[in-house]
Amino acid sequence: MKFPFQSLASLPDSINRRDGRYSSFQVFTYAAEPLSPERGDCLRSPTSFRSSSWNSSTAIDSRFAYSPAEVAKFAWVFSADYCRPIAWQMSVVQIEHSQTSERGKLKIGGLSNPQLSTIDRKMKCETCTAYMAECPGHFGHLELAKPMFHIGFTKTVLTILQCVCFNCSKILADEVHSVLKRIYDEHCLRLGLNPKFARPDWTILQELLIPPPADDLTHQLAMIVRHIDNLRRQERNGSPEHIISESAQVLQFHLATYFDNKLPGQPRATHKSVVTPDPNINIDELGVPWSIALNLTYPETVTPYNIDRLRELVEYGPHPPPGKTGCKYIVRDDGLRLDLRYLKKSCDHHLELGYKVERRLHDGDYVLFNRQPSLHKMSIMGHRIKIMPHSTFRLNLSVTSPNNADFDGDEMNLHVPQSFETRADVLELMMVPKCIVSLQSNKPVMGILQDALLGCCKITKRDTFIEKDVFMNMLMWWEDFDGEIPRPAILKPRPLWTGKEVFNLIIPKRINLLRNSSWHRESERGFLTPGDTQVQVEKGERLSGTLCKKTLGTSAWSLIHVLCIQVLNKAREEDGNSGQRCLSGSNNLKAMGTAGSKGSFINISQMIGCVGQQNVEGKRIPFGFTGTTLPHFTKDNFGPESHGFVENWYLRGLTPQEFFFHAMGSREGHIDTTVKTSENGYIQRRLVQAVVDIMVKYEGTVRNSLGCVIQFLYGEDGMDAVQ
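280 is the number of the first residue of the sequence shown in our numbering; add one for each residue after it.
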């Protein structure tokens, strides 16, 4: 057997369910007939199976060498989890014990049985005799004490029971299994099931597939094994019926929890798409494409206050006119769900108080917007949607910082609340204006950046004057304009306003600030500096100074103050400063670095000065060979060049040894971004699950679900950092 896709009926007799060579395949395809190159059938790569259809007239693909091995056509593909015989075929061992080890060794018949896989790099798997890196892992099976419901097939079981008997609701799983088991094969065909591969009684669990070890689900499986042993012991001892029933319910709960953690969940009212920037929307707004707004729905209850509006949406139906959204379903008070696509009569569109109308989204609806991985509270925030053309989500640039998002193809998730309670939580707790301040550091996590920050820097310089037409255009973008136009700084020969006057219009009147700009020199002292580097704001009036990232954007104690990481390298700084002094004030790179909108002086220094010292784990490059870092250097050389100092700059180019050292520092950054992010996120998730029942009550005390007081006053002062 050389091909993984093969009919189970054609497997040799020597391969039974204890053989591990085929235990790792969860999906099998049933073949129809072999392919033949003489007949014109082609041999393709595995990727082409998904994108093309097989037929006898297809020409031979010349990109792949012809093989005389017999290959079969695809007939269909199905999942082995639904087919009980294939689940037995995949199993290599029966699990009987909840313990994973005994006397320092893996326990035979336990959840870490050596036949499932090996978690030790020096040990071989007892099934495939391969080491950990080559072993794909094998499945075992666990026989349940009683038949149990599979949460993935509850709706299917209910539908089948309704087809078989109308009086079988709310009965035990073993009774359901006995009912489904008596269904004849010809009746299975009428139900749309192939009895050879998917009988109805297989939807009731009697055995449980056990995955290979090295997963946290092993702890939950150990709990399931203990409850199975407890249930069997109670049945052997003749315990009362209500005790056995309660134990069976506990086992059913743990099985449902196991599948909830195992199976990926996908909410119904959600959508994922690429995110792109839009500086013309507010920070709490989200641009949503029309295609998404017409697909997602929100259930709105009919009341005397909205019945007229909902009637209009129902009249539009699933095919509204341009510019309208309409609705898709009507849910009556008895639970009957009506699809408007098939209701042609106007009398069927009748609405009554208490009905629910699943309308499509419109401007102003509150939604949740999330980017994975969700590492902190601000990773998922509330937005007001604004339906816009094109096919991507539109996001204000200031909101990208807490989401750690950029616009190079990042995807983000949209979640539509499905109840008034959820909408209230989004509106009161999760909206963007209420998530600006971080609970971790009591500092904002978003502010003005990039082109807006560069524009603030340029507009507040001393030599910046604005013409009347440009000034009036700026006032049109100001939502809170009260109609009072400030007097121009220059009247003749034509009116001109300074950039400082424009900025004074948007500063709150209660703000007072005295701070130096990022390029302020220590030699410049006093209230009036020659370089206009001291920013003074008194009662909302900016008296002097040029705004930059230090006073406006992303540094501590600014108007939008956020924590900034300082990168110190004295040699690079001195070399870079000498290069920056050679750049003119009109240089675009220098302008962006001065304003702090994009890049920094460190980047400019590395372009025209020197790249500087490369560090790995906070230290200079250590010896990798015997007494040397690279073969390019002599032994016991402790000079700066041999330990990671890059003397050249990017415009000149790096030498081979400098390129190696630079790659070592960059590799550490990539590892921190990929590996450590997932590890830290998983640790945080487990910590959150451990304290999920602890909450702050209305009187300010911190208590758990049992009412035990953890803290009499939250934070010892009762203050919410977000507010």
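Note that the Cβ used here is the ideal one computed from N, Cα and C, for glycine as well.
Counted within 10 angstroms of its Cβ, other Cβ atoms place residue i as buried (16 or more) or exposed
i      : result
THR270 : The structure shown does not extend to residue 270, since the chain is modelled only from 280 through 1002, so no value can be given for it.
SER370 : buried
ASP480 : buried
HIS506 : buried
SER336 : Residue placement at SER336 cannot be trusted, given a pLDDT of 38 that sits under 50; what the coordinates show is reported in the next sentence. Answer is exposed; the Cβ neighbour count stays below 16.
SER677 : buried
CYS714 : buried
ALA288 : Note that ALA288 has pLDDT 34, beneath the 50 cutoff, so the model's placement of it is unreliable and the number below is only indicative. So ALA288 ends up on the exposed side.
SER377 : buried
GLY994 : exposed
ILE387 : exposed
ARG650 : buried
GLN885 : buried
THR905 : exposed
TYR463 : exposed
ALA311 : Bear in mind that the predicted position of ALA311 carries a pLDDT of just 39, short of 50, making it too unreliable to give a figure here.
SER330 : Any reading at SER330 must be qualified, since the residue scores a pLDDT of 35, below 50, and its modelled position is unreliable; no value is offered.
GLN968 : exposed
GLN893 : buried
TYR645 : buried
CYS606 : buried
SER876 : buried
Inter-residue CB distance, residue i and residue j (contact presumed, cutoff 8 Å)
i      : j      : result
PRO426 : LEU500 : PRO426 to LEU500, Cβ: 18 Å. No contact.
HIS694 : ALA572 : The pair is not a contact, with the Cβ atoms about 14 Å apart (cut-off 8 Å).
PHE880 : LEU909 : No, PHE880 and LEU909 are not in contact; Cβ-Cβ is about 30 Å, not under 8 Å.
GLY979 : GLY997 : 5 Å
LEU390 : ILE374 : 6 Å
HIS662 : VAL716 : HIS662 to VAL716, Cβ: 18 Å. No contact.
ASN682 : ILE560 : Not a contact, Cβ separation roughly 15 Å.
LEU619 : PRO597 : 5 Å
ASP642 : ILE664 : 7 Å
Identity of the residues DSSP links to residue i by a beta bridge
i      : result
ILE664 : LEU565
TYR977 : Per DSSP, none; premise fails for TYR977.
ASP618 : TYR608
PHE532 : Paired residue(s): none; PHE532 is not in a bridge.
ASN649 : ILE659 and ASN692
THR580 : LYS635
VAL716 : PRO723
SER380 : LEU385
PHE744 : THR777
LYS898 : VAL895
ILE962 : According to DSSP, which records beta bridges pairwise, ILE962 is partnered with nothing at all.
ARG982 : MET974 and VAL988
Residue span of the alpha helix (DSSP H) that contains residue i, given as start and end
i      : result
ASP730 : 730-738
ASN783 : 778-783
ARG469 : 464-469
LEU510 : 496-516
GLU413 : Note, GLU413: premise wrong, no alpha helix (DSSP H); not H, not E.
ILE887 : 880-887
ILE950 : 935-950
LEU488 : Run containing LEU488: none in the alpha helix (DSSP H); it sits in the beta strand (DSSP E), 483-489.
LYS869 : 867-874
THR701 : 699-704
LYS401 : Run containing LYS401: none; DSSP gives neither H nor E here.
PRO681 : 679-682
Boundaries of the beta strand (DSSP E) in which residue i is found, first to last residue
i      : result
ARG638 : 635-639
TYR595 : Where TYR595 is concerned, there is no enclosing beta strand (DSSP E), although the alpha helix (DSSP H) it sits in stretches over 586-595.
MET427 : 418-428
THR549 : 549-556
SER370 : 370-373
LEU674 : 672-674
VAL988 : 988-990
C-beta neighbour in chain D for residue i, strict 8 Å
i      : result
GLU780 : Of the protein chains in the structure, only one exists, and it is not chain D.
**Q.** Three-pair Cβ contact test at 8 Å for the stretch 393-411 versus the stretch 466-482
**A.** No, because fewer than three Cβ pairs between the stretch 393-411 and the stretch 466-482 fall closer than 8 Å, the two stretches do not touch.
Q.
Between the stretch 550-559 and the stretch 521-528, can you find at least three pairs of beta-carbon atoms closer than 8 Å?
A. No contact exists between the stretch 521-528 and the stretch 550-559.
Q: Report yes or no: do three or more beta-carbon pairs, one from the stretch 920-928 and one from the stretch 895-911, lie closer than 8 Å?
A: Put simply, the stretch 920-928 touches the stretch 895-911. At least three CB pairs are less than 8 Å apart.
Q. On the three-pair Cβ rule with 8 Å, is the stretch 387-398 touching the stretch 417-433?
A. At 8 Å Cβ cutoff, the stretches touch.
Q. Counting Cβ pairs closer than 8 Å, one from the stretch 512-522 and one from the stretch 668-685, do we hit at least three?
A. No, because fewer than three Cβ pairs between the stretch 512-522 and the stretch 668-685 fall closer than 8 Å, the two stretches do not touch.
Q: Specify whether the stretch 648-665 and the stretch 581-594 touch according to this definition: at least 3 beta carbon pairs, one from each stretch, less than 8 Å apart.
A: Here the stretch 648-665 does not lie against the stretch 581-594, with fewer than 3 beta-carbon pairs under 8 Å apart.
Q.
For the structure I just gave you, are there three or more beta carbon pairs, one from the stretch 763-778 and one from the stretch 563-581, closer than 8 Å?
A. As far as the Cβ criterion goes, the stretch 763-778 does not touch the stretch 563-581, which means the pair count is below three.
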